[in-house]
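Visitor:
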Amino acid sequence: MLAGYIPFPEVGTELFAIEVGGFRVALRWYALAYIAGLIIGWRLCVAMIRRPALWPAQAPPLTTKQVEDLLTWVIVGVILGGRLGYVLFYQPSFFMDNPVEVFKVWTGGMSFHGGFLGIVLAASVFSYRNAVPALSVADLLAVAVPPGLFLGRLANFTNNELWGRPTDVPWAVVFPGEAAQTCEGIVGLCARHPSQLYEAVLEGLLLGAVLLFLVYKKDWLRVPGCITGLFLFAYASGRLFVELFRQPDAQFMTAANPLGYVFQWSSFGMTMGQLLSLPMIIFGLGLLIYTSYRKET
């Protein structure tokens, strides 16, 4: 029985909606988060490019015009990668049976790991075509990503999605809807961890602040790859931790597997989010070790 909980804020999923000629046009919080995250990330990139002292040999890897071109590549990469990642990682059977649903991005369903792979591919092709240092471009993007992660997780919260596991902590939230409020073995309302907010703080505010500090106060951009390595390691580590409090997707949960593990060995198990984050930890740690032996050029 709940001793206390935080009511879910009734902000809705849309900022506003208008009807034009019989058509309804709405601006959703999730779309606004994407737009604002991209704009803030773009401005951060431009600000760093305009500070030559931050870069190896005081030579920024891109011009401000190239940053704008890179933004276009990133937008395409994050949308295509995020959607295809969700399709392949989380609901492949459903989308195989309903292929038209793949294109209905407005219905929801985006994967961070898929979006990340999309950005990696887009940035790699961009760097090759423009003959610019890929690791420095990666560092630039690593600093630009946390604001989007912060806003995106806030949008997950207002959209009443990706909520956490049942809990009785004082800051638990009762999310609307029968699926969120009904928990096995619990009589009455079920309160849950606001895991979206945990991720917003860890992936967005904290990680973003640390990266900016290292860029502007510790000159980490002077060694290409350092910022990228830390971003990969820190993000994935935070995701592994938050997955302990986050409700797995329904398709992974069964009576025999109530914790939603997609991999289990003996008493040890991992959710899909944890499994996809593991390679990021390994690669990020490897990149940090590699760059620690490099000297500034």
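If you read the sequence shown in this note's numbering, its first letter stands for residue 732, the second for the next number, and so on.
For glycine and all other residues, C-beta sits at the position ideal for the given N, C-alpha and C.
The structure displayed is predicted, hence computed values, not measured ones.
In chain order, what are the residue ranges of uninterrupted alpha helix (DSSP H) at least 4 long that sit wholly in the stretch 891-964?
Guide: Listed in chain order, they are 909-912, 926-930, 938-948.
Visitor: Is F906 closer than 9 angstroms to N891 when the C-beta atoms are compared?
Guide: Yes, the Cβ-Cβ distance between N891 and F906 is below 9 angstroms.
Visitor: Would you mind working out which of Q1005, A865, F994, E799 sits nearest C957, comparing C-alpha positions?
Guide: Per the Cα distances, A865.
Visitor: Would you call the CB atoms of I806 and L769 closer than 9 angstroms?
Guide: Contact flag set, yes.
Visitor: In this structure, how does DSSP classify E750 when only helix, strand and coil are distinguished?
Guide: Three-state result, E750: strand.
Visitor: For the 8 angstroms Cβ check, are there 3 or more pairs between the stretch 921-933 and the stretch 964-980?
Guide: These segments touch.
Visitor: Identify whether M827 lies in helix, strand or coil by the three-state DSSP scheme.
Guide: In the structure shown, M827 sits in a helix (DSSP, three-state: H, G or I).
Visitor: What do you reckon, are the CB atoms on G908 and G960 nearer than 9 angstroms?
Guide: It is not a contact, given that the beta carbons lie outside the stated cut-off.
Visitor: Comparing C-alpha positions only, which one of L763, K796, I766 sits nearest to A778?
Guide: Out of L763, K796, I766, K796 has the C-alpha closest to the C-alpha of A778.
Visitor: With distances taken Cα to Cα, identify the nearest neighbour of Y966 among F994, P1010, Q995.
Guide: The option with the nearest alpha carbon to Y966 is P1010.
Visitor: Tell me whether P738 sits in a helix, a strand or coil according to DSSP, three-state version.
Guide: Strand at P738.
Visitor: In chain order, what residues of the same chain have a beta carbon less than 7 angstroms from the beta carbon of V751, not counting five sequence neighbours either side?
Guide: Closer than 7 angstroms at the Cβ level, and outside the excluded window around V751, lies no residue.
Visitor: Do you know how far the Cα of S1023 is from the Cα of A911?
Guide: About 46 angstroms.
Visitor: What is the C-beta distance between W773 and L952, in whole angstroms, given that I count them as a contact (C-beta under 8 angstroms)?
Guide: So it is not a contact: roughly 17 angstroms between Cβ atoms.
Visitor: Let me know the secondary structure DSSP gives E799 once reduced to three states.
Guide: Here E799 sits in helix by DSSP.
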